[in-house]
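Asker:
Residue numbers (my numbering): 116 to 383.
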């Protein structure tokens with residue numbers, strides 16, 4: 116077996132494996148991660164065929180490990196642990212204070228042995244509604260940066276600079292939301308607000324229609340009870356959950372300001 120940088124030629128194999136796992140991801144997300152942190156995106160080859168994948172992204176003080184995927188026929192050989200250890204060594208050397216990831220119940224044991232601890236649970240919410248109109252993807256401002264920092268305790272400007280052209284960006288009353296169309300529906304996130312009232316104002320501006328339309332997905336921290344109440348009132352329901360885990364310095368994490376992660380667990 117050989118571990119190499121993950122590149123575009125490995126994308127098709129990864130996306131097939133991700134789809135089999137029921138993950139919501141696409142080529143655009145992979146392109147973003149490969150461009151943002153190429154040294155932290157790796158693939159392990161078994162007889163010259165991709166067998167294991169991992170992606171990483173670094174922000175100012177923190178990092179996210181996402182998309183650790185080992186194909187079923189290659190599991191229980193230590194490949195996942197080896198990929199994790201390699202990127203953890205890189206992130207530690209780079210001075211990352213806190214490293215985040217989301218984990219299934221089955222995967223949590225491995226991460227605990229590598230120093231991760233659970234800090235919250237992330238709930239996958241699913242609903243339906245009318246798609247928003249296309250908006251500007253250059254809405255990053257001091258106000259948006261402040262609200263996002265209040266939730267995560269870090270400058271994550273990189274996410275906003277890489278928003279796709281087809282996304283809709285909304286700001287209103289001390290809150291913001293990004294909506295991105297995907298092949299499986301509309302993805303909400305990041306979505307941040309200083310209060311439930313601010314979050315409701317943004318949601319109402321972005322998704323004025325209720326009930327009709329395509330599917331909408333988002334991942335919200337379980338500890339944000341206001342988010343759960345707001346989403347339930349709009350007809351959303353929980354479709355699954357993962358564990359939110361971190362390693363290293365205790366983060367300045369304030370889930371009450373985080374209404375949706377930026378991605379479905381890949382980069383916060």
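Where is the CB? At the ideal position from N, CA and C, for every residue including glycine.
On the criterion of 16 or more Cβ atoms from any shown chain inside 10 Å, does residue 153 qualify as buried, or is it exposed?
Answerer: Translated into the one-based positions of the chain shown, residue 153 becomes position 38. It is exposed - the Cβ of residue 153 has fewer than 16 other Cβ atoms within 10 Å.
Asker: Just to confirm the assignment, what range does the beta strand (DSSP E) spanning residue 179 have?
Answerer: Position 64 of the chain shown holds residue 179. Looking at the DSSP string, the run of the beta strand (DSSP E) that includes residue 179 is 177-185.
Asker: For a test of the three-state rule: what should DSSP assign to residue 251, helix, strand or coil?
Answerer: Along the chain shown, read from residue 1 onward, the residue named residue 251 stands at position 136. With a pLDDT of 48 at residue 251, under the threshold of 50, the predicted position of this residue should be treated as unreliable, and no value is reported.
Asker: Going straight from the alpha carbon of residue 282 to that of residue 230, what length do you get?
Answerer: If you number the chain shown from 1, residue 282 lands on position 167. If you number the chain shown from 1, residue 230 lands on position 115. Taking the straight line from one Cα to the other gives about 36 Å.
Asker: Report yes if the CB atom of residue 376 is closer than 8 Å to the CB atom of residue 237, and no otherwise.
Answerer: Taking the chain shown and counting its residues from 1, one reaches residue 376 at position 261. Taking the chain shown and counting its residues from 1, one reaches residue 237 at position 122. Going by C-beta atoms, residue 376 is nearer than 8 Å to residue 237.
Asker: Could you check how far apart the C-beta atoms of residue 351 and residue 302 are, in whole angstroms? I think they sit under 8 Å.
Answerer: Against the chain shown, residue 351 aligns to sequence position 236. Against the chain shown, residue 302 aligns to sequence position 187. 13 Å between Cβ atoms; not a contact.
Asker: Go to residue 302, then tell me how far its beta strand (DSSP E) extends in each direction, as first and last residue.
Answerer: The sequence position of residue 302 within the chain shown is 187, counting from 1. 300-308 is the span of the beta strand (DSSP E), which, as asked, contains residue 302.
Asker: Which residues in the same chain as residue 305 place their Cβ atom closer than 7 Å to its Cβ, once the five residues preceding and following it in sequence are excluded?
Answerer: Counting from one through the chain shown, the residue named residue 305 turns up at place 190. If we look at residue 305 and ignore the five residues flanking it on each side, its Cβ neighbours are 263, 274, 293, 375, 376, 377.
Asker: First and last residue of the beta strand (DSSP E) that includes residue 244?
Answerer: Against the chain shown, residue 244 aligns to sequence position 129. Looking at the DSSP string, the run of the beta strand (DSSP E) that includes residue 244 is 232-244.
Asker: Under 8 Å between the Cβ atoms of residue 178 and residue 170?
Answerer: Residue 178 sits at position 63 when you count from the first residue of the chain shown. Residue 170 sits at position 55 when you count from the first residue of the chain shown. No, the Cβ-Cβ distance between residue 178 and residue 170 is not below 8 Å.
Asker: For the candidate residues 214, 241, 242, 240, whose alpha-carbon lies nearest to that of residue 233?
Answerer: The count along the chain shown starts at 1 and reaches residue 233 at position 118. Checked all of 214, 241, 242, 240; the closest Cα to residue 233 is 214.
Asker: According to DSSP, simplified to helix, strand and coil, what is residue 228?
Answerer: As a position in the chain shown, residue 228 is number 113, starting the count at 1. Helix at residue 228.
Asker: With 16 as the cutoff for other CB atoms within 10 Å, does residue 151 come out buried or exposed?
Answerer: Taking the chain shown and counting its residues from 1, one reaches residue 151 at position 36. With 16 or more other Cβ atoms within 10 Å, it is buried.
Asker: In angstroms with no decimal places, state the Cα-to-Cα distance between residue 322 and residue 315.
Answerer: The residue labelled residue 322 in the question sits at position 207 within the chain shown. The residue labelled residue 315 in the question sits at position 200 within the chain shown. Cα to Cα, the separation comes out at about 10 Å.
Asker: Applying the 10 Å Cβ sphere with the 16-neighbour rule, what's the burial state of residue 251?
Answerer: In the chain shown, the residue the question calls residue 251 occupies position 136. Its pLDDT being 48, under 50, residue 251 is placed unreliably by the model, and the measurement read from it follows with that caveat. Per the 10 Å Cβ criterion, exposed.
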